[in-house]
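These notes are about the structure you will find just below.
In this note's numbering, the protein residues as written are -19 to 136.
Rendered as structure tokens:
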């Protein structure tokens, strides 16, 4: 079995790209063009536009160049990583400045220790009591609505 090693010329590829731009290719032909553009190293404004429209990576069709080594890039990246670690650690590691469990302000004055704990506990109890009162009111109102909906007589 003989394999054909025919390769499309630049003009032929551009002609196919023109047909693609004019929407004159079938789905099968578009798929083949997609494959061809991914394999051939040709480049021109028309071919590059077609690759962009087909969402083909540009680097896919161009031979890879030898990459330059950039040691300063690694050093800069390492320094940035260290800086980010230090900044994030200051936000997420709690500071141990004050040993008080609660801090309260009464009439603009700071209160700490057991007095602050008592004030906070009192306010928590008042808040919970208020929330229970609101829940009771809501449940009574809901009972009234349910009673009204279930016992309403149809108008004649």
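Glycine included, every Cβ here is placed at the ideal spot set by N, Cα and C.
(request) Look up residue 92 in the DSSP assignment and give the residues it is bridged to. (result) 83
(request) Can you tell me the Cβ-Cβ gap for residue 26 and residue 2, rounded? I've got them flagged as a contact below 8 Å. (result) Contact flag wrong, Cβ pair sits at about 12 Å.
(request) Measure the alpha-carbon distance for residue 96 versus residue 107 and round it to whole angstroms. (result) 16 Å
(message) What does the Cβ neighbour count give for residue 113, buried or exposed, with the cut at 16 atoms within 10 Å?
(response) exposed
(message) So residue 84 and residue 99 are supposed to be a Cβ contact under 8 Å. How far apart are they, rounded?
(response) Between the beta-carbon of residue 84 and that of residue 99 there is about 5 Å, and that keeps the pair under the 8 Å contact cut.
(request) Just confirm the distance between the C-beta atoms of residue 16 and residue -12, as a whole number of angstroms; I'd bet it's less than 8 Å. (result) With a Cβ gap of about 6 Å, residue 16 and residue -12 count as contacting.
(message) Rounded to whole angstroms, what is the Cα-Cα separation between residue 86 and residue 104?
(response) 15 Å
(request) Can you have a look at residue 68 and say buried or exposed, based on whether 16 or more other CB atoms are within 10 angstroms of its CB? (result) By the neighbour-count criterion, in which a residue is buried when 16 or more other Cβ atoms sit within 10 angstroms of its Cβ, residue 68 is exposed.
(request) May I ask you to report which of helix, strand or coil DSSP gives residue 23? (result) coil
(request) Pull up the CB-CB distance for residue 30 and residue -3, whole angstroms please, since I reckon it's below 8 Å. (result) 4 Å
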